[in-house]
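For the first sequence, the numbering used here gives the first residue as 2, with consecutive numbering after it.
Note that the Cβ used here is the ideal one computed from N, Cα and C, for glycine as well.
Since the model is a prediction, treat every value here as computed from it, not as a measurement.
Have a look at the structure below, then the notes.
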Amino acid sequence: MRMSMLLAPTLREVPAEAEIASHKLMLRAGLMRKAAAGIYTYLPLGYRTLQKIEAIIREEMNAADGQEVLLPILQPAELWHESNRWDDYGEEMFKLKDRNGRQFCLGPTHEEIITALVRTEIRSYRQLPLLLYQIQNKYRDEIRPRFGIMRGREFIMKDLYSFDRDAQGLDKNYWKMYHAYERVFARCGLKTRPVEADPGAIGGNMTHEFMALAEAGEAEIVYCSHCDYAANVEKAQSVISSGKKTGVLEGLAKVSTPNIRTVEELGEFLGRPASDMIKTMLYHNSDMVVAALVRGDHAVNDIKLARAVGVMELELADQATIEEVTGAPMGFAGPVGLKGCRIIADPTVMEMENAISGGNAVDVHMTGVNPGRDFKPDLVIDIRTAQPGDSCPCGQGTLIGARGIEVGQVFKLGTKYSQALGATFLDEAGEENLLIMGCYGIGVTRTMAAVVEQCHDDDGIIWPMSLAPYHVIVVPINYRDESQKAVVDALYEDLTMAGIEVVLDDRNERPGVKFKDADLIGFPIRITVGPRTLENKEAEVRLRSTGEEYVIPLSEVVTNAKERIRRAIEAELPDSRRGR
RNA sequence: CGGGGUAUGGCGCAGUUUGGUAGCGCGCUUCGUUCGGGACGAAGAGGCCCUCGGUUCGAAUCCGAGUACCCCGACCA
Numbered sequence: 002m003r004m005s006m007l008l009a010p011t012l013r014e015v016p017a018e019a020e021i022a023s024h025k026l027m028l029r030a031g032l033m034r035k036a037a038a039g040i041y042t043y044l045p046l047g048y049r050t051l052q053k054i055e056a057i058i059r060e061e062m063n064a065a066d067g068q069e070v071l072l073p074i075l076q077p078a079e080l081w082h083e084s085n086r087w088d089d090y091g092e093e094m095f096k097l098k099d100r101n102g103r104q105f106c107l108g109p110t111h112e113e114i115i116t117a118l119v120r121t122e123i124r125s126y127r128q129l130p131l132l133l134y135q136i137q138n139k140y141r142d143e144i145r146p147r148f149g150i151m152r153g154r155e156f157i158m159k160d161l162y163s164f165d166r167d168a169q170g171l172d173k174n175y176w177k178m179y180h181a182y183e184r185v186f187a188r189c190g191l192k193t194r195p196v197e198a199d200p201g202a203i204g205g206n207m208t209h210e211f212m213a214l215a216e217a218g219e220a221e222i223v224y225c226s227h228c229d230y231a232a233n234v235e236k237a238q239s240v241i242s243s244g245k246k247t248g249v250l251e252g253l254a255k256v257s258t259p260n261i262r263t264v265e266e267l268g269e270f271l272g273r274p275a276s277d278m279i280k281t282m283l284y285h286n287s288d289m290v291v292a293a294l295v296r297g298d299h300a301v302n303d304i305k306l307a308r309a310v311g312v313m314e315l316e317l318a319d320q321a322t323i324e325e326v327t328g329a330p331m332g333f334a335g336p337v338g339l340k341g342c343r344i345i346a347d348p349t350v351m352e353m354e355n356a357i358s359g360g361n362a363v364d365v366h367m368t369g370v371n372p373g374r375d376f377k378p379d380l381v382i383d384i385r386t387a388q389p390g391d392s393c394p395c396g397q398g399t400l401i402g403a404r405g406i407e408v409g410q411v412f413k414l415g416t417k418y419s420q421a422l423g424a425t426f427l428d429e430a431g432e433e434n435l436l437i438m439g440c441y442g443i444g445v446t447r448t449m450a451a452v453v454e455q456c457h458d459d460d461g462i463i464w465p466m467s468l469a470p471y472h473v474i475v476v477p478i479n480y481r482d483e484s485q486k487a488v489v490d491a492l493y494e495d496l497t498m499a500g501i502e503v504v505l506d507d508r509n510e511r512p513g514v515k516f517k518d519a520d521l522i523g524f525p526i527r528i529t530v531g532p533r534t535l536e537n538k539e540a541e542v543r544l545r546s547t548g549e550e551y552v553i554p555l556s557e558v559v560t561n562a563k564e565r566i567r568r569a570i571e572a573e574l575p576d577s578r579r580g581r
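Printed below as a string of structure tokens:
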């Protein structure tokens, strides 16, 4: 491709809308442009990279016996009513009507449509297992689109669905996909970490998220310094060393604490650490109120709490509910004498002695609170949010905190959708059984953003060889110089003939401009031809990733580049797949 | 949906407080001089100042309504 022909509108200045590095760079390097909030047009360079990511995914999915299909994006409402997600998905779904008033949605995901397909096509255990996947646009009317392509309303996703006859089959496919994902992301040059996660609203019972480590990531994770344990903080377990037990129990006493509402204020007022306090948080949903008890220096994990009481969602109670249940305004809730709600305590609370808590009255707290003696929770279960510095459940290591971009997720769905939509098969005995499903997603467009987030410097993007829109850019210092033009045109021809993806910067620009653009776009290999080296029939090769620069004879440029590209792509392959 | 902010040429911004009919930098076009890390000079093109309504002799500027976009929170690949 000649640069003069290429639509690669690089920007010197950062558009005001961009916040994080990947967003800024994707706009600046001319990979994409915004069409509306969370909706983007992909320009030639961006689309080439996207296609490369898709190609890698296809290879790995096919290698794992996946079969690609193309599913409708415009989907009938009936199917979503069957799974009950027309309402459950709610506002986040783009809904529309046809001219006859029939309702449709733009698919935010494809469980319904694929299950509907499979229920009519699969009858026998002989047809299982079945792995189908698609790479397509998905639509979610996000509450808040953000960070460019990272959280868009239209985005490209790969989803693979597995159908098995039993749990063993599902387990096998689950781990097959897990390992396929490790390969996909490794080949994309992305540093990812699989973490245990909460299954959330999609349903199912086991899931790992693949997190691309990045400061800009929206997810918080912890991982162990010693073992392989890693989890989303929504789900993470941890062990916390309990204080020494004295066995000397004080009596329960009320103290006056005028206008003291927060743990910090109380600690200061009484001269006691937050870890001596029992924090009582009230949560509710439409049919219950729950009091959650954690130590003062801990945080309630509302997802764990919701799981503990067996509901999908709980939110912090409002002032009115708090007053109704505790008889006091916010800030004075405590477990002693609390009635009218379920009390859930974290195990660490049960180990406390002579604790401090709210007194369920205005300006009153209690001291000498001893769990078990002064109150009895309805349930004792882990509901605290794990924090960096906690001990790992393995008992050996310490949890380390990090942020990540969720680029993929593998899920054991079980029978949620096959049940809802009636997808069954007959086994050897002629018995009808529900299909056991798994689903495995990769955010394709998000992966591109994550790669840029991880692979850039002050000058621009540093594409991994496997994803670079073009491998090589040839830069003549002055294209109007006849001798340079001749050399560079020939070089371009030779590189192209050798099957190398190459751009020739034939623009009438000063060298500095071309270098800046080359760095910004992130071509892995730059070949410069100018008077300095031309007299010796040489060219200069510069590597974007390291800044390394060397001069070689013109005659060796093609083989040198070819070899370098081959080796770079191979280096990104995980060991198990090399030389496949 | 709650809270905060912005809207002026392709991009980044000033002008709005104190109404008088729009300006700067970058980019773009042409010519010349340049040519190894975003050159210089000269001459140009390009703007219903987000929309609608109001106040006024006169509105980018004041008032009202609406829309879009961005940031912070709950949702999620």
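Under the rule that 16 or more other beta-carbon atoms within 10 Å means buried, what is residue i, buried or exposed?
i, result
"Arg127", "exposed"
"Thr349", "buried"
"Glu113", "buried"
"Thr547", "exposed"
"Thr258", "buried"
"Gly500", "exposed"
"Pro575", "exposed"
"Ser484", "exposed"
"Cys395", "exposed"
"Gln410", "buried"
"Leu250", "exposed"
"Val15", "exposed"
"Ile144", "exposed"
"Asp88", "exposed"
"Ala562", "buried"
"Arg374", "exposed"
"Ala356", "buried"
Can you tell me whether residue i is helix, strand or coil according to DSSP?
i, result
"Asp375", "coil"
"Gly405", "strand"
"Arg49", "helix"
"Lys35", "strand"
"Arg3", "strand"
"Arg145", "coil"
"Leu12", "coil"
"Met94", "coil"
"Val350", "helix"
"Asn174", "helix"
"Ile21", "coil"
"Phe333", "coil"
"Gly513", "helix"
"Pro554", "strand"
"Arg545", "coil"
"Lys280", "strand"
At which residues does the beta strand (DSSP E) containing residue i begin and terminate?
i, result
"Ser358", "356-362"
"Arg568", "Here Arg568 belongs to no beta strand (DSSP E); instead the alpha helix (DSSP H) covers 558-573."
"Ile304", "Per DSSP, Ile304 belongs to no beta strand (DSSP E); it is in the alpha helix (DSSP H), 303-310."
"Pro477", "473-477"
"Gln137", "131-140"
"Thr42", "40-43"
"Asp165", "155-165"
According to DSSP, what are the bridge partners of residue i?
i, result
"Ser125", "Leu427"
"Pro73", "Pro73 is not bridged to any residue."
"Pro195", "Phe211"
"Phe270", "Per DSSP, none; premise fails for Phe270."
"Arg385", "Val301"
"Gln410", "Glu210, Gly442"
"Thr534", "Answer by DSSP bridge pairing: none, since Thr534 is not bridged."
Following the continuous alpha helix (DSSP H) through residue i, name the residue where it begins and the one where it ends.
i, result
"Phe524", "It is not in any alpha helix (DSSP H) - Phe524 carries neither H nor E in the DSSP assignment."
"Ile463", "No alpha helix (DSSP H) holds Ile463; DSSP gives it neither H nor E."
"Glu324", "320-327"
"Gln485", "483-498"
"Glu79", "78-83"
- Query: With contact counted as at least three CB pairs below 8 Å, one residue from each stretch, are the region 301-312 and the region 282-291 in contact?
  - Reply: yes
- Item | the region 98-106 contacting the region 71-87, beta-carbon criterion three pairs below 8 Å | yes
- Can we say the region 268-286 touches the region 422-440, given the rule of at least three CB pairs closer than 8 Å? no
- Pairing CB atoms from the region 167-180 with CB atoms from the region 133-145, are three or more of them under 8 Å? no
- Item | Inter-stretch contact (C-beta, 8 Å, three-pair minimum) for the region 501-512 and the region 476-491 | yes
- For the region 535-552 against the region 146-164, are there 3 or more C-beta pairs whose distance is under 8 Å? no
- Determine contact between the region 458-474 and the region 555-571, defined as no fewer than three beta-carbon pairs at a distance below 8 Å. yes
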